[in-house]
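Going by the working numbering, 207 is the number at position 122 of the first sequence; the sequence numbering is gapless. Every residue, glycine too, gets a C-beta built ideally from N, C-alpha and C. Predicted model, so just to flag it, every value in this text is computed and none were measured. Here's the structure we're looking at; comments come further down.
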Amino acid sequence: MQEKYLPTEIEHAAQARWTASQTYRARDDSDRPKYYCLSMFPYPSGRLHMGHVRNYTIGDVLARYHAMRGFNVMQPMGWDAFGLPAENAAIANNVPPAAWTYANIDHMRTQLKALGFAIDWSRELATCKPDYYRWEQWLFTRLFEKGVIYKKMATVNWDPVDQTVLANEQVIDGRGWRSGALVEKRDIPMYFFRITQYADELLSGLDNLPGWPERVKTMQANWIGKSVGVRLAFKIPAAGVKATPHPSPLTPDDLLWVFTTRADTLMGVTFVAVAAEHPLATRAAESNPELAAFIAECKQGSVAEADMATMEKKGMDTGFKVTHPLTGESIPVWVGNYVLMSYGEGAVMAVPAHDERDFGFAQKYGLPIKQVIGVEGETFSLDAWQEWYADKARGCGVNSGKYDGLGYEAAVDAIAADLAALNLGEKKTQFRLRDWGISRQRYWGCPIPIVHCEVCGDVPVPAGQLPVVLPEDVVPDGSGNPLNKRADFVNCACPTCGKPARRETDTMDTFVESSWYYARYACPDFDGGMLDARADQWLPVDQYIGGIEHAILHLLYARFFHKLMRDEGLVSSDEPFVNLLTQGMVIADTYYRESADGKKTWFNPADVETRDGVAALKADGQPVVVGGTEKMAKSKNNGVDPQALIDQYGADTARLFTMFAAPPEQSLEWSDAGVEGAHRFLKRLWKLAFEHVQGGTVAAFAGGELPDAAKTLRRQLHQTIHKVGDDIERRKQFNTAIAAVMELMNALAKLEGDDVTTRSVRQEVLEAAVAMLAPIVPHIGEALYAELKPDAVMAWPTVDEAALVQEEIELMLQVNGKLRGQIRVAAAATREAVEAAALASEVAQKYLEGKPPKKVVVVPGRLVNIVV
RNA sequence: GCCGGGAUGGCGGAAUCGGUAGACGCAGCGGAUUCAAAAUCCGCCGCUGGUAACAGUGUGGGGGUUCGAGUCCCCCUCCCGGCACCA
């Protein structure tokens, strides 16, 4: 055995062995129970970052642990290969996104292999390959024919200078990131998945996911946002709408519909607010230039909800009046910049007395505020908003005529019934969740398989003509979708009538690819359809691991897609992921410089050094701005490159440190400190094994009498085996598992003696410790086990219950809840005996001063608390 | 703004069901080894007072429940994630 721990040598040897013997190939024909362990696939951004290392090490630990426990493990890997960064790179470097992406994949695959993950590389897939997206297009056409996919107008960010649609991320302070132009909202036609049709099932299905973190289920439930409310109408009187020369969708017979969850406050409505795009607003603006200007202003800015919610609430009176459905009152109609046309009805009723946003709006514009809910003992004031104004639980009706005195539910029921009788409203269940718009006006994505024919309309591409292949020799220039300029792509024949037609040039949201890749891993080579029978053999995924930032969108879309595939007969399960582990962010400092036009250039932490509290770029020594600690991301260029770590210390050290630095679910602030400590531990482990092996072979302890020190060490060993198994399997907390083995190694180093019995205990401890660490540090684990026990198959150690037995235990002694001492009692001592021993102790005597105790609390195995 | 989460020594973190706060590691300090250094090994290490024994104090801030609270309840502050076109 080598005396020195040489990570590079043993890691290369181990990886070569695994590749040669296809060690991690998942068998489709095994009779062992399956364990499908899946980590979220990476976007091929160029190089791995620490977030990837963390994510895939967690998955690898679980995969290897289960393999040791006898499961037929599948751990696949692939590439979420379509997306915006490839187009940005293309613009910056004049490289086709395809070439850039494939080069990145090659590099990152090499990096993943160097980390020694137990991945079945035979199942690798890339979503930008036609043999993958072909089936996505096929499913699209099926769903289009079923009506699950439909077309409607939707609002996007429009850059008027670059003549292109912008992602929310590309809108910075209301301006285009490249052009700096003020961004406008523009309505364009898009294809939508009818996810709202599955809203109820997506919500109730959360109850069948005990293996998911509560916080993720809560976030999804809130996102779906099921609420029972009332859809009701205000009448538009004849006098309210003037005749106009050109046709308008509005007539005096029309009704202005709104949805509200607070129908109990209907008697307090003092105005109605409509979106800038609402027909009523459009009509009013025809004869009101000031209003037209305001509407134009509303159409500026980004479409992101965070922007909509934080911007200043503005409005303007349209001059129109509508009629209150119950009171017949005349209610003014305002345009509000915070009302979204694509949300519900594009109009809201405003009750300033009981809605905080309406309250602020009414105060700003001097609109009336009418209290219609009261809480006993509270006084209503127009000056300041009080929490209780919106309290459903405590309030009941006031100033509401026949509805006075009714609580929330009774009032809603009564009002809904009266509206129904007038044919002006009904109870309705509504979801916050909106249908999923998947059209992207971008090149580097999966083409939407639709042909636009002047005669036949939107025609889905027939299965036999799929895939619609994306040309890979394109270099986008940042102004619109280059596919529009590719005649060879655009021009085609209508599949139905054969006449010349135009191919759709929009591509799909990349969330579509990531919504079903987990299923394709079961049968990546199947060319006869989307999935074959192996999908049901492997699905659902037993353990899914990924970043908490995907808690809502990706995980909701994947759940939705699974149900779509189920309803197509492709899979039989209802949910794709049984257990979910949401790893925390890997965060790191950010550094940037801002140019005169407000554009920020971000610098990698590796290129920045801090001296005397001032951060400066190593390259030019000039200062950079410290931008705070944020999740490692391409956009902020604060990813830490793990390659340097691997080169210097080896993959096992990188893996060990990542697992040791923080528990998986917490965010992990990256710092170079501590890596050294992890490496030191591996060297120490190697040395302990080396020194033991030098003494010659010995079988692990198999029974018999032991001296106290060895007996205590054995007890600690078996306590550790119990803890490590529990930490990995149930708690999924690896830092404490590693700490427990470190403690065990510290204790082993202190065990003295070279007799056969002592050495047999040492052998037992080392075998078990190496096996327990092997899922985390597999290369050194395999190397050491081969030295300790040549030619043996590494097995997960089992707990020897007999080794855990203790005759005497120590209990903490508290007086009035404060720790004052300890007592030793027999492990089997009764409660009475423990109490007596406690009271007899010197400490108790001191505090009791001869008086009897008020109370004695005995917590078995833990402590005694004497109250005096 | 809305939804979800977090805050514990100089630092990363532990305390799993309300029962010894600070395991394990990093940094630091002291010692051994060495011609010397690195590496390695041993010891100390929340804060305040004390030579010490020990006492007081301490888990973001304020209040509460309990024999006992880092853990449960109420209020507040700050930080992080998501907000539908970053992935």
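| Item | Value |
| --- | --- |
| Paired residues, beta bridge with Glu286 - DSSP | DSSP lists no partner for Glu286. |
| Burial state of Leu956, where buried means 16 or more other Cβ atoms lie within 10 Å | Nothing about residue 956 can be reported from this structure: the residues present for the chain run from 86 to 953 only. |
| Inter-residue spacing [alpha-carbon to alpha-carbon] between Arg227 and Leu351 | 44 Å |
| Exposure label - Pro161; buried when at least 16 CB within 10 Å | buried |
| Coil, strand or helix - Thr93 by DSSP | helix |
| Residues of its chain near Ala704, where Cβ-Cβ distance is below 7 Å and the 5 sequence neighbours each way are ignored | Asp692 |
| Local Cβ density within 10 Å of Arg947, reported as buried at 16 or more and exposed below that | exposed |
| Exposed unless 16 or more other CB atoms sit within 10 angstroms - verdict on Ser106 | exposed |
| Span separating the alpha-carbon of Val47 from that of Val900 | This structure cannot settle anything about residue 47, because the visible part of the chain is limited to 86 through 953. |
| Cβ contact (3+ pairs, closer than 8 Å) linking the stretch 303 to 311 and the stretch 494 to 510 | no |
| Residues of its chain near Pro417, where Cβ-Cβ distance is below 7 Å and the 5 sequence neighbours each way are ignored | Phe356, Asp402 and Lys406 |
| Ranges of the alpha helix (DSSP H) found wholly within the stretch 116 to 198, counting only runs of at least 4 | 135 to 153 and 169 to 178 |
| The stretch 191 to 209 in contact with the stretch 239 to 246 per 3-pair CB rule at 8 Å | no |
| Val850 versus Arg799 - alpha carbon distance | 8 Å |
| Assigned exposure category for Ile273 - 16 Cβ within 10 Å defines buried | exposed |
| The stretch 628 to 646 touching the stretch 664 to 683, judged by at least three CB pairs closer than 8 Å | yes |
| CB of Ala435 within 9 Å of CB of Ala447, strictly | yes |
| Status (buried if at least 16 other CB within 10 Å, exposed otherwise) for Gly163 | buried |
| Residue of Leu288, Ile630 and Glu660 minimising C-alpha distance to Leu518 | Leu288 |
| First and last residue of the uninterrupted alpha helix (DSSP H) at Phe819 | Phe819 to Lys835 |
| Exposure label - Glu397; buried when at least 16 CB within 10 Å | exposed |
| Rounded Cβ spacing between Phe786 and Val846 (contact assumed at less than 8 Å) | 5 Å |
| Residues that Met275 bridges to, as DSSP identifies them | Lys237 |
| Entirely enclosed alpha helix (DSSP H) segments - the stretch 491 to 543, minimum 4 residues | 493 to 506 |
| Whether Tyr528 touches Val575 by CB criterion (9 Å) | no |
| Contained alpha helix (DSSP H) runs [length at least 4] in the stretch 633 to 690, N- to C-terminal order | 638 to 652 |
| Assigned secondary structure, Pro364 (DSSP; H/G/I helix, E/B strand, else coil) | helix |
| Pair within 9 Å by beta-carbon distance, Trp521 and Phe277 | yes |
| Exposure label - Pro690; buried when at least 16 CB within 10 Å | buried |
| DSSP-derived helix/strand/coil call for Asp839 | coil |
| His331 versus Gly429: straight-line alpha-carbon distance, rounded | At His331 the pLDDT is 38, less than 50, meaning the model places this residue with poor confidence; the figure from the coordinates comes in the next sentence. If you take the alpha carbons of His331 and Gly429, they lie about 27 Å apart. |
| Own chain partners of Met997 with C-beta closer than 8 Å, once the 5 adjacent residues on each side are dropped | Since the displayed the chain opens at 86 and closes at 953, residue 997 lies outside it and no answer follows. |
| Cβ distance (whole Å) where Ala922 is taken to contact Val941 below 8 Å | That belief does not hold up - the Cβ atoms of Ala922 and Val941 are roughly 11 Å apart, past 8 Å. |
| Secondary structure of Cys383, DSSP reduced to three states | helix |
| Simplified DSSP state of Pro938, which is helix, strand or coil | coil |
| Residues of its chain near Phe225, where Cβ-Cβ distance is below 6 Å and the 5 sequence neighbours each way are ignored | Pro534 |
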